[in-house]
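Data block below; observations after.
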Amino acid sequence: MAKEKVISKDEFFQNIFECALGNFSTMETYMDIHGLMDQIFGVNNYEELGSAYDLPTFCLTQDENIAKHHFMNGTIWYPFECVYEYAVNGNGQKCCIDELTDCVDFMHILHSDHFQISSGSHEIITMALVRHALEFDPTVNYIDIKDSNYPQAIAHLADIDLRTLKNAVSAGEIEAISKNVLCASSLKKWLLSRKGFKPTFYSDQTQTYFFNSPTSFASILKNSKKTLADKFDPSELINTFPNQTNIIEQLELGIFVLPIDALPLIAKTYEIPYPILFKQIMQTYYPKEYALLTN
5 MAKEKVISKD EFFQNIFECA LGNFSTMETY MDIHGLMDQI FGVNNYEELG SAYDLPTFCL
65 TQDENIAKHH FMNGTIWYPF ECVYEYAVNG NGQKCCIDEL TDCVDFMHIL HSDHFQISSG
125 SHEIITMALV RHALEFDPTV NYIDIKDSNY PQAIAHLADI DLRTLKNAVS AGEIEAISKN
185 VLCASSLKKW LLSRKGFKPT FYSDQTQTYF FNSPTSFASI LKNSKKTLAD KFDPSELINT
245 FPNQTNIIEQ LELGIFVLPI DALPLIAKTY EIPYPILFKQ IMQTYYPKEY ALLTN
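Quick note: the sequence shown, position 203, residue 207 per the working numbering, numbers continuous.
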């Protein structure tokens, strides 16, 4: 049995991007809802807005690149990117159950009969669910149901073909709780013995991202910037908001005047987990609005 290939991050992005593009343009066209495309993709003009069957046509290639760049730095793609890195490369620094839950919820919204989340994209999410179960749950699902093929996801994590995994389960190398459930600790031990498995890793530097005032927010950013050193690159953040002068200087003084949709890019620039940053920005700078959201 040939080993199946995991889709690349670019392929994953393209699938999510096209589903969002097709379905949100359909909403604008048929439901007479305006502003979605501009907010999500940053482009106002299209040669054709598209239909329930066809993707929109951009006037210029440059517009398509702008749309992809805007989407890539928005709130929809952020959890998908974190989950891909977690599932495929084991990077657990920015991925927790919140990002996984967001991805599952977003996939339901972005999927339709004509613009579909691919099987390869579903496999990425299932791989992430398996990896999360290995770390935090006593058991791991071992069932192929609807869009969640757990045996295939486990095989992908081990970088083996599906038959090799099934043989290991049949031989008792991996403890099976039942026909459809495996023991997480047993599976993890077996995976760690496989050359192709990438163990989950977290930041090797202990950082606390808690802040509750502009002063402590500024300190968090400065500390993160210091930790990143030469890897710190604010160019995307600065270029996205060209009319906002001295963005980095203001942020590192605790002055937050950017729109909320700038948070994913701030999180990316300073490598701070987005859910933590969003929650504490709301609590610190918009306490009344946060109280309304959580009550």
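Glycine included, each C-beta is placed from N, C-alpha and C at the ideal position.
Sorted by chain position, which residues of the same chain lie with C-beta nearer than 6 Å to Cys-86's C-beta, five sequence neighbours on each side aside?
If you number the sequence shown from 1, residue 86 lands on position 82. If we look at Cys-86 and ignore the five residues flanking it on each side, its Cβ neighbours are Lys-98, Cys-99, Glu-103.
Please name the residue or residues paired with Tyr-34 in a DSSP beta bridge.
Sequence index remark: in the sequence shown, residue 34 carries index 30 (1-based). For Tyr-34, which the question treats as bridged, DSSP gives no partner whatsoever.
Proximity of Asn-19 and Ser-116 at Cβ, strictly below 7 Å
Taking the first residue of the sequence shown as position 1, residue 19 is located at position 15. Taking the first residue of the sequence shown as position 1, residue 116 is located at position 112. Not closer than 7 Å, so no.
Does the pairing of the segment 228-239 with the segment 258-278 give three or more beta-carbon distances under 8 Å?
yes
Cβ-based burial, Phe-140 [other Cβ within 10 Å; buried from 16]:
Sequence index remark: in the sequence shown, residue 140 carries index 136 (1-based). When all chains shown are included, Phe-140 counts as exposed.
The segment 182-192 / the segment 68-86 touching (three or more Cβ pairs under 8 Å)
no
Buried or exposed: which applies to Thr-210, given that a residue is buried once 16 or more other Cβ atoms fall within 10 Å of its Cβ?
Your numbering for residue 210 matches position 206 in the sequence shown. Here Thr-210 scores only 37 on pLDDT, less than 50, and its place in the model should not be relied on; the value that follows carries that caveat. So Thr-210 ends up on the exposed side.
For Tyr-278 and Asp-208, the rounded distance between their alpha carbons:
Start at 1 with the first residue of the sequence shown, and residue 208 comes out as number 204. Start at 1 with the first residue of the sequence shown, and residue 278 comes out as number 274. With a pLDDT of 44 at Asp-208, under the threshold of 50, the modelled position of that residue is not reliable, and no figure is offered here.
Can you check which of these residues, Leu-241, Asn-184, Ile-128, Asp-148, is closest to Tyr-90 by C-alpha distance?
One-based indexing of the sequence shown puts residue 90 at position 86. Per the Cα distances, Ile-128.
Proximity below 7 Å, CB of Phe-259 to CB of Ile-251
Within the sequence shown, the letter at position 255 stands for residue 259. Within the sequence shown, the letter at position 247 stands for residue 251. Correcting the residue type first, residue 259 is Ile in the shown sequence and not Phe. No, they are not a contact pair.
Short of 7 Å in beta carbon distance, which residues of its chain neighbour Leu-166, apart from the five on each side in sequence? Order them along the chain.
Taking the sequence shown and counting its residues from 1, one reaches residue 166 at position 162. Closer than 7 Å at the Cβ level, and outside the excluded window around Leu-166, lie Met-5, Pro-155, Gln-156, Ala-159.
The beta strand (DSSP E) with Ala-180 in it runs from where to where?
Residue numbering aside, residue 180 sits at position 176 when the sequence shown is read from its first letter. Per DSSP, Ala-180 belongs to the beta strand (DSSP E) from 180-182.
So, helix, strand or coil for Ser-152, using DSSP?
The residue labelled residue 152 in the question sits at position 148 within the sequence shown. Ser-152 falls in the strand class under three-state DSSP.
Looking only at DSSP bridge pairs, what is Val-185 linked to?
Taking the first residue of the sequence shown as 1, we reach residue 185 at position 181. Beta-bridge pairing links Val-185 to Asn-145, Ser-182.
Assuming Glu-32 and Leu-40 make a contact with CB atoms under 8 Å, what is their CB distance in whole Å?
To locate residue 32, count along the sequence shown from 1; it is residue 28. To locate residue 40, count along the sequence shown from 1; it is residue 36. Indeed, because the Cβ distance is near 6 Å, the residues count as touching under 8 Å.
Would you identify the three-state DSSP class for Asn-243, choosing helix, strand or coil?
For the purposes of this step, residue 243 is taken as residue 239 along the sequence shown, with counting starting at 1. In the structure shown, Asn-243 sits in a helix (DSSP, three-state: H, G or I).
Closer than 6 Å by C-beta to Gly-78: which residues in its own chain qualify, once you throw out the five before and the five after it? Chain order, please.
For the purposes of this step, residue 78 is taken as residue 74 along the sequence shown, with counting starting at 1. Correct list: empty, nothing qualifies.
With Tyr-50 as the anchor, note down where its beta strand (DSSP E) starts and where it stops.
On the sequence shown, position 46 is the one that residue 50 refers to. 50-52 is the extent of the beta strand (DSSP E) around Tyr-50.
Test: Tyr-82 CB closer than 7 Å to a CB of chain C:
Here there is only one protein chain, and chain C is not present.
How big is the Cα-Cα spacing for Thr-249 and Gln-66?
Position 245 of the sequence shown holds residue 249. Position 62 of the sequence shown holds residue 66. Rounded to whole angstroms, Thr-249 to Gln-66 spans 25 Å at the Cα level.
With a CB to CB cut of under 6 Å and the five nearest residues on each side skipped, what residues in its chain are close to Phe-205?
In the sequence shown, the residue the question calls residue 205 occupies position 201. Contacts found: Gly-94.
Based on Cα-Cα distance, which residue from Glu-177, His-74, Asp-163 lies nearest to Phe-17?
Here residue 17 corresponds to residue number 13 of the sequence shown, with the count starting at 1. Answer by Cα proximity: His-74.
Return helix, strand or coil for Phe-205, following the three-state DSSP convention.
Residue mapping note: residue 205 aligns to position 201 of the sequence shown, counting from 1. It is a strand residue.
Is the CB-CB distance between Ala-162 and Gly-200 below 7 Å?
Walking along the sequence shown from the start, residue 162 turns up at place 158. Walking along the sequence shown from the start, residue 200 turns up at place 196. The answer is yes: Cβ separation under 7 Å.
In terms of residues, what are the limits of the alpha helix (DSSP H) holding Gln-66?
Sequence index remark: in the sequence shown, residue 66 carries index 62 (1-based). Per DSSP, Gln-66 belongs to the alpha helix (DSSP H) from 65-76.
Going by the CB atoms, is the gap between Glu-256 and Leu-225 shorter than 7 Å?
Looking up residue 225 in the sequence shown gives position 221. Looking up residue 256 in the sequence shown gives position 252. Contact flag set, yes.
Return the residue from the list Arg-135, Ile-181, Lys-13 that minimises the CA-CA distance to Lys-202.
The residue you call residue 202 lines up with position 198 of the sequence shown. When each option's Cα is compared against that of Lys-202, the closest is Arg-135.
Alpha carbon of Ile-181 to alpha carbon of Ala-56, nearest angstrom:
The count along the sequence shown starts at 1 and reaches residue 181 at position 177. The count along the sequence shown starts at 1 and reaches residue 56 at position 52. Taking the straight line joining both Cα atoms gives about 45 Å.
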